[in-house]
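Structure record follows, encoded as structure tokens.
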Amino acid sequence: MRPVIINCDPGIDDSLAIMLAVLSKRLKVVGITTTFGNASVEHTTENALGIVEYLGADIPVAKGANGPIKGRRINANYVHGNNGLAGIRLPHRAKAVAESAEDFIIDRVKAGDVDTIISTAPLTNIAKAFMKDARAMRRLKKLVIMGGTVTEPGSVTRVAEFNFFGDPYAAEYVLHTGVYKLMIPRDITQRVIFKPSDFSKFAPGKRSELAAKLIRFYQRFYMNVLDLDGNPLPDVLTVGIVIKPGLIKTKRMQMDVETGGDYTRGMSVVERRSGEYQRKAVTNVDVAVSIKPDEFLDYFIRTISSRKTTYK
Ligand code: RIB
Ligand code: CA
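Following this line, the structure appears as structure tokens:
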């Protein structure tokens, strides 16, 4: 099993992503680091601890940043609810470990315990780990990032996706570290829509009920405000792609993130001009450019519904 750290801001789709990672039995979740984003880091840490206990999994949770390296803190309570989890409070006995998120990341990467980090949140913790110990972080084999957008409009603004907007300085910094980066942008996540008709595909059971309750809450924003015919599952898809890399095709791109800008803060700025501009591009990230939506949704629903696990 691939040893991974999940850096997240649970958050409804982050929570479902943790469920998929654990239930897939294809990833060894060495740890979860939390950050502000969909809710405050207090809430996202409580939610991560609750999901881990709900799954009966033994996964340490390290609390991270409660704001961006530069700029003001945002949240997405209007999508994920005031506590970040549709108001659902999952009980837990465990507490977050004493280490900060960035120290937890550095220690596990330095020890060789993890070769991949999956980030489904603002990149503040990741940037801080590289700033604090770049030498240790060079041991990381792969950084998978849910964030940014290439041709799709933004989400939190007309041009910026939420995770990059949450900490543009951290996103710009991380995109220019030397580690191998795979980015799953909105261009891909918006092509995988969970529709109301998909609920009936879950097999009955407590876990399916929880997943359905979370998705129903999440779906309200996408259907009522954005007029979509369902909701994307950005973070779940990102974990699904780490488990099943054949779901995507990728293209190497040159990408920066706007850290200033009255209208463009957090915008992912990509070299898309043809010919000589492409030949001379200084590429820094592999970006997913195609996806197999049905194959992913089928896998997600089957895994959440599966009874072949000892979890609830
Ligand atoms: O743009 C989608 C991202 O923003 C996801 O990670 C979601 O959880 C929110 O944080
Ligand atoms: Ca997230």
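Numbering (the working numbering), first residue to last: 7 to 318.
Cβ atoms here follow ideal geometry from the backbone N, Cα and C, with glycine treated the same way.
Residue environment: Y179 is assigned as buried (16 or more neighbouring CB atoms within 10 Å of its CB, all protein chains considered). A straight-line Cα-Cα distance of about 38 Å links G267 and F306. By the CB criterion at 8 Å, D20 and T126 fall inside the cutoff.
Judged by the Cβ position, N44 qualifies as a neighbour of ligand 2 at the 7 Å threshold, a heavy atom of the ligand being closer than this. Shown here for L26: same chain residues with a beta carbon closer than 8 Å to its own, the five before and five after excluded, namely V242, V245, G246, I249, F306, T309 and I310 in chain order. Boundaries of the beta strand (DSSP E) harbouring N13: R8 to C14, taken from the DSSP string. Check the Cα spacing between I75 and each of E48, Y60 and F42: the tightest is with F42. Judged by their CB atoms, K148 and L188 are nearer to each other than the 8 Å cut-off. Comparing C-alpha distances from Y175 to each of V162, F200 and T130 shows the shortest one belongs to T130. A135 and E108 do touch by the CB rule: their CB atoms are close to 4 Å apart, below 8 Å. Distances between the C-beta of D173 and the heavy atoms of ligand 2 are all 7 Å or more. Relative to the non-hydrogen atoms of ligand 1, the Cβ of G90 never comes closer than 7 Å to any of them. If you measure from each CB to the nearest heavy atom of ligand 2, the residues under 5 Å come out as D15, G17, D20, T126, A127 and D241. The alpha-carbon separation between I111 and F205 amounts to approximately 36 Å. If you draw a 10 Å sphere on the C-beta of T122, you find 16 or more other C-beta atoms in it, and that means buried. Beta-carbon to beta-carbon, L239 and L22 are separated by about 6 Å, close enough to satisfy the 8 Å threshold.
The C-alpha of Q284 lies about 32 Å from the C-alpha of D300.
By the C-beta density criterion, S296 is exposed, having fewer than 16 other C-beta atoms within 10 angstroms. Along the stretch 117-202, the beta strand (DSSP E) occurs as fully enclosed runs of 3 or more residues at 122-125, 148-152 and 187-190, listed in sequence order. Boundaries for I254: no alpha helix (DSSP H) harbours it, while the beta strand (DSSP E) harbouring it runs I254 to M259, taken from the DSSP string. Of the other Cβ atoms in all chains shown, fewer than 16 fall within 10 Å of the Cβ of T289; this residue is therefore exposed. With fewer than 16 other beta carbons inside 10 angstroms of its own, A140 counts as exposed. Under the three-state reduction of DSSP, D292 is assigned to strand. When secondary structure is reduced to three states using DSSP, A217 falls in the helix class. Counting C-beta atoms within 10 angstroms of its own C-beta, G252 has fewer than 16 neighbours from the protein chains shown and is therefore classed as exposed.
Between R99 and E48, the C-beta spacing is not below 8 Å.
C-alpha of D119 to C-alpha of N89: approximately 32 Å in a straight line. In the displayed model, L29 falls within a helix according to three-state DSSP. The beta carbons of Y224 and I18 sit closer together than 8 Å.
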